[in-house]
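For the sequence shown, this note's numbering begins at 29 and goes up steadily by one. Virtual Cβ for every residue (Gly too), placed ideally from N, Cα, C. These numbers were taken from a predicted model, which means no experiment stands behind them. Notes for the one structure printed next.
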Amino acid sequence: MVRLKVTATHFQYTVAVGRGAWGGLRSLATGDYSSMFALTEAGLWHRWGREFLRASGLRLSRVIYVPAGERSKSLAQVEKTAARLAALGADRHSLLVAFGGGVVGDLAGFVASVYMRGIDYVQVPTTIVAQVDSSIGGKTAVDVEKAKNLVGTFYPPRIVLAEPTVLRSLPDRVFRSGLYEVVKHAILSGPLFFDLLERRLATLQPNRTAVIEPLIARAARVKVEIVNRDEKEADLRRVLNLGHTYGHAIEAATDYRRFLHGEAVGWGLLGVTRLAARLGVLPDDEAARIARLVWQVGPLPSMADLSPSRVLSLLGHDKKAVGGRVHWVLPERIGKVRIASDVPADAVARAFRSLQRAEI
Ligand SMILES: NC(=O)c1ccc[n+]([C@@H]2O[C@H](COP(=O)([O-])OP(=O)(O)OC[C@H]3O[C@@H](n4cnc5c(N)ncnc54)[C@H](O)[C@@H]3O)[C@@H](O)[C@H]2O)c1
Ligand SMILES: [Zn+2]
29 MVRLKVTATH FQYTVAVGRG AWGGLRSLAT GDYSSMFALT EAGLWHRWGR
79 EFLRASGLRL SRVIYVPAGE RSKSLAQVEK TAARLAALGA DRHSLLVAFG
129 GGVVGDLAGF VASVYMRGID YVQVPTTIVA QVDSSIGGKT AVDVEKAKNL
179 VGTFYPPRIV LAEPTVLRSL PDRVFRSGLY EVVKHAILSG PLFFDLLERR
229 LATLQPNRTA VIEPLIARAA RVKVEIVNRD EKEADLRRVL NLGHTYGHAI
279 EAATDYRRFL HGEAVGWGLL GVTRLAARLG VLPDDEAARI ARLVWQVGPL
329 PSMADLSPSR VLSLLGHDKK AVGGRVHWVL PERIGKVRIA SDVPADAVAR
379 AFRSLQRAEI
């Protein structure tokens, strides 16, 4: 197990990754809380709750369930959860434990940040996306209508406990979808991690915990390092948007129905790699290597039928666009990206169309 530290001027916390991570809750003085609540999904809790309580030694007051799926990241669900907490007697010295994927983590973090003006919370991520990305960094959010993450806060958890054993029950497609984000982290990190992932990818399966563990730890470290440097180099976190510019547009163009988020990021990585190569920013051999690794994760649902003009019109809607300008994160080589806000629209369109054609 590895223990990573997120450090900022006003707070710090540990991200424990690996088998045994749940036991890390014993290092938190839980006896000081007036009451403790878990926020989770029913199916997930029935599968793993007992094991989690045994490993963590936690004595929960109650468990609060939210329906599975992105729709739970809503203000309506925030209100319901806050009302439930109040009815169960939660006060400002209560602890909230987010046990789930990015949806539960983002919702619980947001609720914790506003309930009675802020209570402590703990992240116990149970998907790959949550273990390597969403549980780390203290960004919380809910969606408003179709605008993803429109309302949110920065609110650090007290501790993050990523136990890879819990990934065993992930459906294969959800598991693979998370791997596209791991590929993104490897591109950002550099040749050492990228090589390792190339060698191991074919062997990764939900139940092969020992093989997954070091890769999850490595990917989580990439996120921790970016978050730690971001305070000093403002906007450094933008690099995490690699593959997400086309990705978000592809998701939105299909009403979030066809692709899992990671799959859209998979297409996004392929698109931006092609774009960077065409712009002469990324050497062809590196582009080919990245594309090969993305394809190695598995088949992607088709996007051959999407209207290019619809997808392209949605690019600027990403909330990371500033003043209507799209900030592209372009790979320059494995281990280095650049942010560009002056990419010509026709180059963006051509790279997208050529990716669609390549699929057929
Ligand atoms: N806060 C951040 O910095 C940040 C970063 C990246 C993504 N996100 C957010 O994360 C969310 C996506 O997270 P996600 O991919 O984890 O989705 P998710 O939470 O919806 O989980 C995916 C699916 O897996 C199921 N599941 C979760 N854990 C399981 C387990 N161990 N076994 C079996 N099934 C399990 C869930 O029920 C769900 O159906 C998005 O809302 C995204 O905006 C936030
Ligand atoms: Zn993502």
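- Between Val-160 and Ala-169, the C-beta gap is not smaller than 8 angstroms, which leaves the two residues out of contact.
- Taking each of Leu-297, Glu-259, Arg-257, Arg-87 in turn and checking the Cα distance to His-276, the smallest one comes out for Leu-297.
- Every candidate alpha helix (DSSP H) stretch fails here, since none sits fully inside the segment 108-140 while reaching 4 residues.
- The beta carbon of Arg-306 sits closer than 6 angstroms to those of Ala-379, all from its chain and outside the five residues before and after it, given in chain order.
- Here the alpha carbons of Thr-154 and Phe-221 stand approximately 22 angstroms from one another.
- Distance from the C-beta of Asn-235 to the nearest heavy atom of ligand 1 is not below 7 angstroms.
- Excluding the 5 residues flanking it on each side, Gln-40 has same chain C-beta neighbours closer than 7 angstroms at Lys-33, Val-34, in chain order.
- Annotation for Gly-128 indicates a beta carbon within 7 angstroms of some heavy atom of ligand 1.
- Distances from the CB of Val-357 to the heavy atoms of ligand 2 are all 7 angstroms or more.
- As summarised for the segment 321-382, the continuous beta strand (DSSP E) elements at least 3 residues long and confined to that stretch are 356-361, 364-368, given in chain order.
- The beta carbon of Val-293 sits closer than 7 angstroms to at least one heavy atom of ligand 2.
- Annotation for His-289 indicates a beta carbon within 7 angstroms of some heavy atom of ligand 2.
- Here DSSP, grouped into helix, strand and coil, assigns Pro-153 to strand.
- Taking 7 angstroms as the cut-off, one finds at least one heavy atom of ligand 1 near enough to the beta carbon of Lys-176.
- Beta-bridge pairing by DSSP links Tyr-41 to Val-34.
- Between the segment 120-135 and the segment 248-268 there are fewer than three inter-stretch CB-CB distances shorter than 8 angstroms, so the stretches are not counted as touching.
- The DSSP-derived three-state label of Tyr-274 is helix.
- Not a single heavy atom of ligand 2 lies less than 7 angstroms from the C-beta of His-213.
- The beta carbon of His-121 sits no closer than 7 angstroms to any heavy atom of ligand 2.
- Gly-363 is the residue among Ala-377, Gly-363, Ala-281, Ile-187 whose C-alpha sits nearest the C-alpha of Leu-270.
- Looking only at Ala-315, His-289, Gly-326, the smallest Cα-Cα distance to Ser-162 is reached by His-289.
- Not one heavy atom of ligand 1 sits closer than 7 angstroms to the Cβ of Ser-84.
- For Val-255, the enclosing alpha helix (DSSP H) has its first and last residue at 237-258.
- Buried is the label assigned to Gln-105, since at least 16 other Cβ atoms lie within 10 Å of its Cβ.
- Under DSSP, the beta-bridge partners assigned to Ala-66 are Val-91, Val-125.
- Going by DSSP, Val-179 is part of the beta strand (DSSP E) stretching over 175-182.
- Inclusion of Val-125 and Ala-66 in the CB contact set at 8 angstroms is warranted, their separation being smaller than that value.
- Taking the Cα positions, Arg-320 is about 37 angstroms away from Ser-102.
- Between ligand 2 and the CB of His-272, the shortest heavy atom gap is smaller than 7 angstroms.
- Of the residues assessed, Pro-327 falls on the exposed side of the cut-off, its CB having fewer than 16 other CB atoms within 10 angstroms.
- Straight-line spacing of the CA atoms in Arg-82 and Ala-292 works out to 37 angstroms.
- Remark: C-beta atoms of Leu-195 and Ile-164 do not approach each other more closely than 8 angstroms.
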